[in-house]
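S.K.: I'd like to ask you about the structure that follows.
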Amino acid sequence: MTPPFSRTPEARFRELTDYPFAPHYLDWRELRVHHLDEGPRAAPVMLLLHGEPSWSYLYRRIIPRLVAAGYRCVAPDFIGFGKSDKVTDDAWYVIERHCEALRFVIESLDLRRITLVCQDWGGPIGLRQAVDMPARFARLVIANTWLHHAEMEYSPGVRAWRAAAIDPNKLGGDMPTGRIVAGTLRRPGHDRAAVTHAYDAPFPDFASKAGARRFPFCIPFAEPEAGNAKDQQRCYDALRRYPHPVHFAFGDADEVFPFVWAERWHAALGGSTLDRIAGAGHFVQEDASDDLADVILRRAGTAT
């Protein structure tokens, strides 16, 4: 049975003139999943995954550079985010459903030779695909994210974020999606009002924010079943013997996933690389898009 959902009116996106990409949609369990699909269809793929509470807009400045280097860029919006349908029942959202929907996108588009670029919840959701379908992937670029495991030390920033996010009164009675993204930017020069507007655009009302409210609830140290703790542990272990290159690129001003975590994860994966993006916060794609694109292209090279 299809859960109750809403669909954001296209008019809410019309003012985002820096997001000029054509929309593409797939139907998954009678829900519409939006994705961007730019560049040659036969080219190697850059699979660009967002997290909480962002959407594919996060990659708007990176996509043109990757396409110019010969890649096909596919950037989905998770159910509940961006231009995808928004299930309005908070309890519907568990991480396994996001994993299933992303797998559907990958298989429906028959994506191969994939470079995964993931951040925040895009990490646990995307790395699950890379571990379960390694033949479809070519390399991993892991930015400011994590995989739950027994030795994981969750930062005070993660714990404070979850405590605030599960109590709407602490966030002003709602999930202020745009303000959250704008407030985590650490480099100077951002138009924070424009950033706030862009990340508020997908959410016309309280009901539409069910997915954004639910992600913090699912952090596995508190909700191991909803957060897929066992599968995250499995993927963390599997990456130690992963057959493809693994590259870390972390903003070092992130209070949620601090750079010391990137150093530890890199050290645990022999043969991986680590790039430090100085002064960038949690949403490194927004805070330091050119620097992140530089790292991706330096590590992956031009498409062949």
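Heads up: the sequence shown runs through residues 1 to 304, numbered per this note's numbering. All C-beta atoms in this analysis are idealised placements derived from N, C-alpha and C, irrespective of residue type, glycine included.
1) How big is the Cα-Cα spacing for D231 and N144?
2) Who are C73's beta bridge partners in DSSP?
3) When we look at the beta-carbon of D153 and count the other beta-carbons within 10 Å, is it buried (16 or more) or exposed?
4) Note down, in chain order, each residue of its chain lying with its Cβ closer than 6 Å to the Cβ of Y57, except the 5 sequence neighbours on either side.
5) Can you give me the C-alpha to C-alpha distance between P243 and P134, rounded to a whole angstrom?
6) For R139, which of helix, strand or coil comes out of DSSP?
7) By Cβ distance, which residues of its chain are closer than 7 Å to Q129, with the 5 residues on each side in sequence left out?
8) Consider the Cβ of V256: report whether some Cβ of chain B lies at a distance smaller than 8 Å.
9) For P156, count neighbouring Cβ atoms within 10 angstroms of its own Cβ and tell me buried if that reaches 16, exposed if not.
10) What are the start and end residues of the beta strand (DSSP E) that includes H24?
11) Mind the definition here: the segment 85 to 104 touches the segment 35 to 45 only if three or more C-beta pairs lie below 8 Å; say whether that holds.
12) Report the partner residues of D275 according to the DSSP bridge assignment.
13) Would you say F203 and T177 are within 8 Å of each other, going by their C-beta atoms?
14) Which residues in the same chain as H98 place their Cβ atom closer than 8 Å to its Cβ, once the five residues preceding and following it in sequence are excluded?
15) Between P162 and R32, what straight-line distance do the alpha-carbon atoms span, to the nearest angstrom?
16) Which runs of the alpha helix (DSSP H) spanning at least 4 residues fall entirely within the segment 106 to 166, listed in chain order?
17) Buried or exposed for A182, please, with buried defined as at least 16 other CB atoms from any protein chain shown within 10 angstroms of its CB.
18) Does the segment 12 to 30 come close enough to the segment 277 to 291 to have 3 or more Cβ pairs within less than 8 Å?
19) What first and last residue would you give for the alpha helix (DSSP H) that runs through E263?
20) Starting from Y199, trace the alpha helix (DSSP H) both ways and give me its first and last residue.
21) Let me know the secondary structure DSSP gives K86 once reduced to three states.
22) Tell me, please, which residues DSSP counts as bridged to R32.
23) What's the gap between the Cα of L239 and the Cα of P245?
24) For M1, count neighbouring Cβ atoms within 10 angstroms of its own Cβ and tell me buried if that reaches 16, exposed if not.
25) Only counting the same chain, and skipping five residues up and downstream in sequence, which positions put a Cβ closer than 6 Å to that of T302?
26) Which value, in whole angstroms, describes the spacing of the CA atoms of A268 and L109?
27) For P76, collect the residues of the same chain with a Cβ closer than 6 Å to its Cβ; drop the 5 residues on either side in sequence, then sort them by chain order.
M.R.: According to the data block:
1) 19 Å
2) E38 and M46
3) According to the sequence shown, residue 153 is Glu rather than Asp. Classified as exposed, E153 has fewer than 16 neighbouring CB atoms from the shown chains inside 10 Å of its CB.
4) Y19 and A198
5) 8 Å
6) strand
7) L102, R103 and I106
8) The chain labelled as chain B is not found in the depicted structure, where only one protein chain is given.
9) exposed
10) H24 to W28
11) no
12) A249
13) Contact: yes.
14) F78, I79, W121 and I125
15) The sequence shown places Arg at residue 162, rather than the Pro named in the question. When rounded, the distance between both Cα atoms is 28 Å.
16) 122 to 132 and 156 to 165
17) buried
18) Segment contact: the segment 12 to 30 against the segment 277 to 291, fewer than three CB-CB distances shorter than 8 Å; contact not assigned.
19) F259 to A268
20) R192 to D200
21) Annotated three-state conformation of K86 is strand, per DSSP.
22) D27
23) C-alpha separation (whole angstroms): 10 Å.
24) A residue is called buried when at least 16 other Cβ atoms come within 10 angstroms of its Cβ; M1 does not meet this threshold and is exposed.
25) A69 and G70
26) 33 Å
27) Once the five neighbours on either side are set aside, the close Cβ partners of P76 are H35 and V105.
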